[in-house]
Amino acid sequence: MSEAVGRIARIERWSADHAVAFAEVIDAHDSSWGSQWFELAGGRAVLSGPGLFVNRVIAAGIDRPVSAADLDELERRCATIGVPACVEVTPATTEQTRELLRRRGYRPERRVAALRVEPEAFDGAGEDERRPDDGSIVIERADQGQLAVWQELAAAGWGHDEPADRRASDAYARAASIIDGAGFVLARSADDGRPLGCASATIRGRVATLGGMSTIPSERRRGVQSALIRHRLGLVHAAGCDLVTSSTRPGSASERNLLRHGFVRSHVTVEMVRHTG
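If you want it as C-alpha coordinates, here you go:
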(Lines of atoms letter the chains of each structure in order from A; the text may use other names.)
(Lines give C-alpha, C1' and ligand atoms only; values in the text may rest on other atoms or scores of the structure.)
Protein backbone atom coordinates (compact mmCIF):
# COMPACT_ATOMS: atom_id res chain seq x y z
CA MET A 1 0.00 0.00 0.00
CA SER A 2 1.46 3.37 -1.01
CA GLU A 3 1.84 6.18 1.52
CA ALA A 4 -0.98 8.17 -0.13
CA VAL A 5 -3.37 5.20 -0.10
CA GLY A 6 -2.39 4.41 3.47
CA ARG A 7 -3.23 7.96 4.54
CA ILE A 8 -6.62 7.80 2.82
CA ALA A 9 -7.29 4.41 4.43
CA ARG A 10 -6.51 5.81 7.89
CA ILE A 11 -8.87 8.76 7.40
CA GLU A 12 -11.65 6.58 6.03
CA ARG A 13 -11.36 3.99 8.80
CA TRP A 14 -11.47 6.76 11.39
CA SER A 15 -14.57 8.12 9.64
CA ALA A 16 -16.19 4.69 9.80
CA ASP A 17 -15.47 4.31 13.53
CA HIS A 18 -16.74 7.85 14.13
CA ALA A 19 -20.00 7.07 12.31
CA VAL A 20 -20.49 3.87 14.31
CA ALA A 21 -19.99 5.73 17.59
CA PHE A 22 -22.72 8.20 16.67
CA ALA A 23 -25.07 5.45 15.51
CA GLU A 24 -24.58 3.62 18.80
CA VAL A 25 -25.54 6.68 20.84
CA ILE A 26 -28.50 7.51 18.60
CA ASP A 27 -29.79 3.94 18.90
CA ALA A 28 -29.33 3.89 22.68
CA HIS A 29 -31.34 7.09 23.03
CA ASP A 30 -34.08 6.33 20.49
CA SER A 31 -34.32 2.85 18.99
CA SER A 32 -37.16 3.93 16.68
CA TRP A 33 -34.52 5.08 14.17
CA GLY A 34 -33.65 1.41 13.57
CA SER A 35 -29.92 2.17 13.58
CA GLN A 36 -27.61 -0.71 12.76
CA TRP A 37 -23.99 -1.22 11.75
CA PHE A 38 -21.88 -4.15 10.59
CA GLU A 39 -18.52 -5.05 9.08
CA LEU A 40 -18.34 -5.10 5.29
CA ALA A 41 -15.23 -5.81 3.18
CA GLY A 42 -12.82 -4.25 5.66
CA GLY A 43 -15.06 -1.25 6.29
CA ARG A 44 -18.31 -0.51 8.09
CA ALA A 45 -21.87 -0.28 6.88
CA VAL A 46 -23.53 2.34 9.10
CA LEU A 47 -27.28 2.59 8.65
CA SER A 48 -28.36 5.22 11.16
CA GLY A 49 -31.96 5.40 9.95
CA PRO A 50 -34.14 7.25 7.42
CA GLY A 51 -33.41 10.97 7.38
CA LEU A 52 -30.21 10.74 9.41
CA PHE A 53 -26.87 11.92 8.06
CA VAL A 54 -25.04 8.61 7.73
CA ASN A 55 -26.60 5.72 5.81
CA ARG A 56 -23.73 4.25 3.83
CA VAL A 57 -20.72 1.97 3.69
CA ILE A 58 -17.45 3.63 4.70
CA ALA A 59 -13.86 2.44 4.19
CA ALA A 60 -14.82 -0.81 2.42
CA GLY A 61 -13.03 -2.26 -0.61
CA ILE A 62 -9.57 -1.02 0.29
CA ASP A 63 -7.78 -4.16 1.49
CA ARG A 64 -10.05 -6.49 -0.48
CA PRO A 65 -12.80 -5.93 -3.04
CA VAL A 66 -16.44 -5.69 -2.05
CA SER A 67 -18.20 -8.87 -3.18
CA ALA A 68 -21.64 -9.54 -4.63
CA ALA A 69 -22.54 -11.26 -1.35
CA ASP A 70 -21.54 -8.12 0.55
CA LEU A 71 -23.87 -6.03 -1.58
CA ASP A 72 -26.66 -8.59 -1.23
CA GLU A 73 -26.44 -8.20 2.56
CA LEU A 74 -26.24 -4.41 2.37
CA GLU A 75 -29.21 -4.11 0.03
CA ARG A 76 -31.30 -6.45 2.16
CA ARG A 77 -30.64 -4.48 5.32
CA CYS A 78 -31.19 -1.12 3.62
CA ALA A 79 -34.56 -2.31 2.32
CA THR A 80 -35.52 -3.41 5.83
CA ILE A 81 -35.01 0.04 7.37
CA GLY A 82 -36.03 2.04 4.29
CA VAL A 83 -32.86 3.72 3.02
CA PRO A 84 -31.16 3.38 -0.38
CA ALA A 85 -27.98 1.30 -0.52
CA CYS A 86 -24.93 3.58 -0.64
CA VAL A 87 -21.20 2.83 -0.80
CA GLU A 88 -18.46 5.44 -0.47
CA VAL A 89 -15.72 5.25 -3.11
CA THR A 90 -12.33 6.93 -2.70
CA PRO A 91 -9.04 6.84 -4.62
CA ALA A 92 -8.09 3.92 -2.31
CA THR A 93 -11.08 1.79 -3.37
CA THR A 94 -10.18 -1.22 -5.54
CA GLU A 95 -11.12 -1.11 -9.20
CA GLN A 96 -12.94 -4.44 -8.79
CA THR A 97 -15.24 -2.77 -6.26
CA ARG A 98 -15.91 0.17 -8.57
CA GLU A 99 -16.75 -2.13 -11.46
CA LEU A 100 -19.08 -4.26 -9.36
CA LEU A 101 -20.93 -1.18 -8.12
CA ARG A 102 -21.40 0.03 -11.69
CA ARG A 103 -22.74 -3.36 -12.78
CA ARG A 104 -25.17 -3.43 -9.85
CA GLY A 105 -26.63 -0.07 -10.82
CA TYR A 106 -24.91 2.16 -8.25
CA ARG A 107 -24.52 5.72 -9.51
CA PRO A 108 -22.55 8.72 -8.17
CA GLU A 109 -24.81 11.00 -6.18
CA ARG A 110 -22.76 13.22 -3.86
CA ARG A 111 -19.13 14.25 -3.56
CA VAL A 112 -17.50 15.14 -0.26
CA ALA A 113 -14.05 16.66 0.22
CA ALA A 114 -12.01 14.98 2.96
CA LEU A 115 -9.50 17.38 4.49
CA ARG A 116 -6.65 16.82 6.88
CA VAL A 117 -4.05 18.71 8.85
CA GLU A 118 -1.14 17.16 10.69
CA PRO A 119 -0.17 19.16 13.78
CA GLU A 120 3.50 19.27 12.82
CA ALA A 121 2.32 21.20 9.75
CA PHE A 122 0.01 23.40 11.81
CA ASP A 123 2.07 26.11 13.44
CA GLY A 124 -0.45 28.93 13.42
CA ALA A 125 0.78 30.12 10.04
CA GLY A 126 -2.58 29.97 8.29
CA GLU A 127 -3.98 33.21 6.94
CA ASP A 128 -6.66 33.54 9.63
CA GLU A 129 -4.29 32.36 12.35
CA ARG A 130 -2.03 35.34 11.72
CA ARG A 131 -4.96 37.74 12.07
CA PRO A 132 -5.22 38.98 15.68
CA ASP A 133 -8.29 37.89 17.60
CA ASP A 134 -10.29 41.05 18.32
CA GLY A 135 -12.10 39.41 21.23
CA SER A 136 -15.56 39.96 19.76
CA ILE A 137 -16.37 36.22 19.72
CA VAL A 138 -16.17 33.93 22.75
CA ILE A 139 -16.03 30.14 22.40
CA GLU A 140 -17.31 28.07 25.33
CA ARG A 141 -18.03 24.44 26.06
CA ALA A 142 -21.72 23.59 25.67
CA ASP A 143 -22.79 21.46 28.61
CA GLN A 144 -25.95 19.37 28.63
CA GLY A 145 -27.92 22.38 29.85
CA GLN A 146 -27.05 24.17 26.62
CA LEU A 147 -27.94 21.32 24.29
CA ALA A 148 -31.18 23.01 23.23
CA VAL A 149 -29.26 26.17 22.29
CA TRP A 150 -26.77 24.12 20.23
CA GLN A 151 -29.66 22.35 18.51
CA GLU A 152 -31.32 25.66 17.61
CA LEU A 153 -28.09 27.06 16.21
CA ALA A 154 -27.38 23.95 14.17
CA ALA A 155 -30.87 23.82 12.70
CA ALA A 156 -30.81 27.53 11.84
CA GLY A 157 -27.38 27.39 10.23
CA TRP A 158 -28.09 24.23 8.24
CA GLY A 159 -31.59 25.34 7.19
CA HIS A 160 -33.34 22.38 8.82
CA ASP A 161 -36.82 23.86 8.98
CA GLU A 162 -38.93 20.82 8.13
CA PRO A 163 -39.93 18.58 11.08
CA ALA A 164 -38.16 15.49 9.72
CA ASP A 165 -34.94 17.42 9.07
CA ARG A 166 -35.10 19.05 12.49
CA ARG A 167 -35.61 15.68 14.21
CA ALA A 168 -32.51 14.29 12.49
CA SER A 169 -30.49 17.41 13.28
CA ASP A 170 -31.48 17.26 16.95
CA ALA A 171 -30.58 13.55 17.16
CA TYR A 172 -27.13 14.25 15.73
CA ALA A 173 -26.61 17.14 18.18
CA ARG A 174 -27.64 15.02 21.14
CA ALA A 175 -25.15 12.32 20.15
CA ALA A 176 -22.38 14.90 19.69
CA SER A 177 -23.06 16.35 23.13
CA ILE A 178 -22.45 12.90 24.65
CA ILE A 179 -19.47 11.86 22.51
CA ASP A 180 -17.51 15.07 22.13
CA GLY A 181 -17.21 16.43 25.67
CA ALA A 182 -15.05 19.56 25.64
CA GLY A 183 -15.21 19.57 21.84
CA PHE A 184 -18.94 20.35 21.89
CA VAL A 185 -18.85 24.16 21.75
CA LEU A 186 -20.84 27.34 21.23
CA ALA A 187 -19.75 30.70 19.83
CA ARG A 188 -21.19 33.77 21.53
CA SER A 189 -20.91 37.49 21.00
CA ALA A 190 -18.60 39.00 23.62
CA ASP A 191 -20.67 42.16 23.98
CA ASP A 192 -24.07 40.70 24.89
CA GLY A 193 -23.60 36.92 25.04
CA ARG A 194 -26.00 36.12 22.22
CA PRO A 195 -25.32 32.77 20.50
CA LEU A 196 -23.78 32.99 17.03
CA GLY A 197 -22.85 29.46 16.03
CA CYS A 198 -21.77 26.02 17.14
CA ALA A 199 -19.35 23.22 16.29
CA SER A 200 -17.91 19.96 17.57
CA ALA A 201 -14.60 18.12 17.72
CA THR A 202 -14.39 14.37 18.26
CA ILE A 203 -11.09 13.10 19.67
CA ARG A 204 -10.27 9.40 19.90
CA GLY A 205 -6.71 8.26 20.39
CA ARG A 206 -4.41 10.38 18.26
CA VAL A 207 -6.98 11.25 15.60
CA ALA A 208 -9.64 13.96 15.72
CA THR A 209 -12.32 15.27 13.41
CA LEU A 210 -13.90 18.70 13.31
CA GLY A 211 -17.61 18.64 12.48
CA GLY A 212 -21.02 20.09 13.22
CA MET A 213 -20.00 23.66 12.33
CA SER A 214 -22.89 26.05 11.86
CA THR A 215 -23.35 29.84 11.94
CA ILE A 216 -26.78 31.46 12.04
CA PRO A 217 -27.37 33.36 8.78
CA SER A 218 -27.60 36.83 10.36
CA GLU A 219 -24.12 36.45 11.92
CA ARG A 220 -22.17 35.23 8.93
CA ARG A 221 -19.08 36.98 7.57
CA ARG A 222 -17.90 38.20 10.97
CA GLY A 223 -15.39 35.42 11.67
CA VAL A 224 -17.52 32.95 13.62
CA GLN A 225 -16.29 29.91 11.68
CA SER A 226 -12.68 31.03 11.98
CA ALA A 227 -13.04 31.40 15.75
CA LEU A 228 -14.60 27.94 16.01
CA ILE A 229 -11.85 26.37 13.89
CA ARG A 230 -9.07 28.06 15.89
CA HIS A 231 -10.56 26.97 19.21
CA ARG A 232 -10.97 23.33 18.18
CA LEU A 233 -7.52 23.12 16.63
CA GLY A 234 -6.20 24.27 19.99
CA LEU A 235 -8.12 21.48 21.72
CA VAL A 236 -6.88 18.71 19.46
CA HIS A 237 -3.32 20.02 19.51
CA ALA A 238 -3.37 19.98 23.33
CA ALA A 239 -4.72 16.41 23.21
CA GLY A 240 -1.64 15.28 21.26
CA CYS A 241 -3.44 14.25 18.07
CA ASP A 242 -1.20 13.52 15.09
CA LEU A 243 -4.00 13.78 12.52
CA VAL A 244 -7.00 16.10 12.36
CA THR A 245 -9.68 15.61 9.73
CA SER A 246 -12.81 17.31 8.52
CA SER A 247 -15.18 17.03 5.57
CA THR A 248 -17.29 19.43 3.56
CA ARG A 249 -18.69 20.07 0.11
CA PRO A 250 -15.92 20.63 -2.44
CA GLY A 251 -15.51 24.34 -3.16
CA SER A 252 -17.77 25.47 -0.31
CA ALA A 253 -17.13 28.41 2.01
CA SER A 254 -16.47 25.93 4.81
CA GLU A 255 -13.76 24.24 2.76
CA ARG A 256 -12.14 27.60 2.00
CA ASN A 257 -12.16 28.45 5.71
CA LEU A 258 -10.52 25.14 6.62
CA LEU A 259 -7.87 25.54 3.91
CA ARG A 260 -7.01 28.97 5.30
CA HIS A 261 -6.35 27.34 8.66
CA GLY A 262 -3.75 24.87 7.45
CA PHE A 263 -5.91 22.01 6.18
CA VAL A 264 -5.23 20.43 2.81
CA ARG A 265 -7.60 18.38 0.71
CA SER A 266 -6.74 14.72 1.15
CA HIS A 267 -9.18 13.28 -1.36
CA VAL A 268 -12.74 13.41 -2.60
CA THR A 269 -15.21 10.73 -1.59
CA VAL A 270 -18.01 9.77 -4.01
CA GLU A 271 -21.22 8.30 -2.62
CA MET A 272 -22.45 5.60 -5.00
CA VAL A 273 -26.16 5.00 -4.53
CA ARG A 274 -28.48 2.31 -5.83
CA HIS A 275 -32.11 3.37 -6.08
CA THR A 276 -34.86 0.82 -6.70
CA GLY A 277 -38.43 1.22 -7.85
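Sequence positions in the sequence shown follow this note's numbering and run 1 to 277.
C-beta atoms are modelled at their ideal positions from N, C-alpha and C, and glycine is treated no differently.
Excluding the 5 residues flanking it on each side, residue 223 has same chain C-beta neighbours closer than 7 angstroms at 137, in chain order. Separation of the CB atoms of residue 169 and residue 154 is rounded to 6 angstroms, and the pair is thereby assigned contact status at 8 angstroms.
Bounds of the alpha helix (DSSP H) holding residue 22 are 3-29. Residue 183 holds the alpha-carbon nearest to the alpha-carbon of residue 228 among 36, 145, 183.
A contact is defined here as three or more CB-CB pairs under 8 angstroms, and the segment 77-93 meets this definition with respect to the segment 42-57. According to the DSSP secondary-structure assignment, residue 95 is paired through a beta bridge with no residue. Per DSSP, the unbroken alpha helix (DSSP H) holding residue 163 starts and ends at 163-179. The three-state secondary structure of residue 271, taken from DSSP, is strand.
In the three-state reduction of the DSSP assignment, residue 140 falls in the strand class.
The criterion of a C-beta distance shorter than 8 angstroms is not satisfied by residue 47 and residue 68.
For residue 185, the closest of 162, 163, 212 by C-alpha to C-alpha distance is 212. In the three-state reduction of the DSSP assignment, residue 40 falls in the strand class. In terms of Cβ geometry, residue 268 and residue 111 form a close pair [threshold 8 angstroms].
Between the alpha carbons of residue 255 and residue 199 lies a gap of roughly 15 angstroms. Per DSSP, residue 241 lies in no beta strand (DSSP E) and is assigned neither H nor E.
Secondary structure at residue 197: strand, using DSSP grouped into helix, strand and coil. As DSSP reads the structure, residue 108 sits in a beta bridge with 272.
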